[in-house]
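The structure under discussion appears below in the form of C-alpha cells.
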Amino acid sequence: MLVQGAGGNVSWKSGDTLWVKASGTRLADAGRDDIFVPVDLPHLTNALSSGDFSVIPKLRQQSSLRPSIETLLHALIPHQVVVHLHAVEILSWLVRNNYERDIETVLGPRVRWTSTGYHKPGAALAQAVSTALDNVPDAHVVLLQNHGVIIGGANVDEISHQLGTVTELLTVKPCPPVSLPQYESLFIADYEFYKPVTDPFIHHLATDMKLFTRLSSSWALCPDHVVFLGARPACYSSMDAFRSEIASGKFRPELIFIRGIGVFTQPGFNASQMAQLRCYYEVLARQPEGAEVNVLSHDQIAELLDWDAERYRIRLMQ
Ligand SMILES: [Zn+2]
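Take the sequence shown: its letter number 223 is residue 927 in my numbering, and every next letter is one higher.
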C-alpha cells in the first residue's frame, strides 16, 4: 500500500554525501541488502542552483548499481531525510482531475504541502518539483499528479508522523468486492497459455463491471503502471472473443482481462508486475462514482516506454 516492487525511493544527506536508493532495487529489501549508493551532493546542488537539470549524479565510490532515476529530486529538497512513495491512499486522489482542490479541503492547514501536475520522472519532474518548492519553500509534502508523494523531514520520526497524518486524512474505503462465484472453477478450465492470477482481488478488475469499464477507458494512470504493464490493456468481451484471437496466434499479450470471467497472465508475468496490478486495483476501487481521472496521453506514454533508464530498471528486476 506504500510502494510497489522497485518503485519509490529514500535518501538521507550526510555532509557532502547524498545516500540514495539504487535504481531497480526494492525498498522492501533495505533491511537485508545493500540498496543505497553514495552520491556527490555539492556536485548536484551546484548544478541545480544554476538551473542545470540534466546533470548526471557522480558516485562517491565504485558500485555496480546506479543511483535512482529520482536522485535530482532528493538532492533539491532541503530536508535531511527524503522519502518518495507511490502510496495507494494518496495516489487514489492524485490520479483525479482537479485533485489539488479536493485535497485542500481535506488536509486543510494541518499539512504544509505543495504540488505539481504530471511530469515524466527524471529531469522534467525534478524541475517541476523545484518550481513547486519555490512557491511553498517550507513544504514538507510534495504531491505529484498521477505519481505519488515526496515527504521531507529532519529525521525518520518526523517523516513517519507526516506520512501518518496525510494517509489518515486521505484514507477512503474501497468499493466492496463483488462476489466471485466462479473463482474456484477458474483454476480448472484450460486457457491456452494463460493462468488465472492467484490474487482474488485482482479478478474484480474483470468481474466488477464498474471497474472493468474504468479499466477499459482509464488504463494509463501512473508511470510505473505503464512501464510494467504496458500502454493499453488487452480486454476481451467474452471467452469466445479471447479464444478466437488467441487461436489466430497473432497477438499474445502477457496480461489479459476477460469480461465477467477474470484476469489471466502468461507464465513470465513477474512479482513486480503483479504488485503494480494489485496497486491499480486498489486505486480504481477507491474512485468515487463519476470521478474524472486524468489518463496519461499518448505522448506521455510514448516517452515513458522509449526511455532507456526504465529499460535498465526493468532488466534488473527480471
Ligand atoms: Zn516514483
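By construction, the Cβ of each residue, glycine as well, lies at the ideal position given by its N, Cα and C atoms.
With A938 as the anchor, note down where its beta strand (DSSP E) starts and where it stops.
938-940
Report task. Measure the CB-CB distance between V876 and R990 and report whether it falls below 7 angstroms. Result -> yes
Per DSSP, Y898 forms a beta bridge with which residues?
Y895
>> What ranges does the beta strand (DSSP E) occupy inside the segment 910-996, keeping only unbroken runs of at least 3 residues that lie completely in it?
In response: 938-940, 959-962, 966-969
- Item | P742, enclosing beta strand (DSSP E) - first and last residue | 740-744
- Query: DSSP three-state call for L798: helix, strand or coil?
  - Reply: helix
Should I760 go down as buried or exposed, given a rule of 16 or more other Cβ atoms within 10 Å for buried?
-> exposed
Which word fits E896, buried or exposed, when buried means at least 16 other C-beta atoms lie within 10 angstroms of its C-beta? exposed
Under the three-state reduction of DSSP, which class applies to S718: helix, strand or coil? strand
### Message
If distances are taken between C-alpha atoms only, which option among S819, H844, P746, D842 comes closest to V833?
### Response
S819
Point to revise | Presumed contact (8 angstroms Cβ cut-off) between P825 and P927, rounded CB distance | key: 5 angstroms
Exercise. Cβ atoms of F905 and R963: under 7 angstroms apart, would you say?
Worked result: no
For the beta strand (DSSP E) containing H788, name the first residue and the last one. 785-789
Q) Is there at least one non-hydrogen atom of ligand 1 closer than 6 angstroms to the beta-carbon of G852? A) yes
| field | Alpha-carbon to alpha-carbon, N850 and V815 | value | 20 angstroms
* Asked: Who pairs with T818 in a beta bridge, going by DSSP?
  -> V846
- Task: Take the Cβ of L1009 as the centre, count every other Cβ of all protein chains shown within 10 Å, and call the residue buried at 16 or more, exposed below.
- Result: exposed
Worksheet entry | Contact check, E793 vs L874, beta carbons under 7 angstroms | yes
>> Quick check on M913: buried or exposed, where buried means 16 or more other Cβ atoms within 10 Å of its Cβ?
In response: exposed
Quiz item: What number of angstroms, rounded off, separates the C-alpha of A975 from the C-alpha of Y985?
Solution: 15 angstroms
For this session: Take P813 as the anchor and find which of L777, L848, N801, A843 has the nearest alpha-carbon.
Result: A843
Notebook entry, point to check: What is the C-beta distance between G777 and P771, in whole angstroms, given that I count them as a contact (C-beta under 8 angstroms)?
Noted result: Looking at the sequence itself, residue 777 is Leu, so the reference to Gly does not match. Incorrect: roughly 11 angstroms between the Cβ atoms, too far for contact.
Under 7 angstroms, do H929 and V967 count as touching if we go by C-beta distance? no
- Query: Excluding five sequence neighbours on each side, which residues of the same chain lie with their C-beta closer than 8 angstroms to the C-beta of M943?
  - Reply: I962, I965
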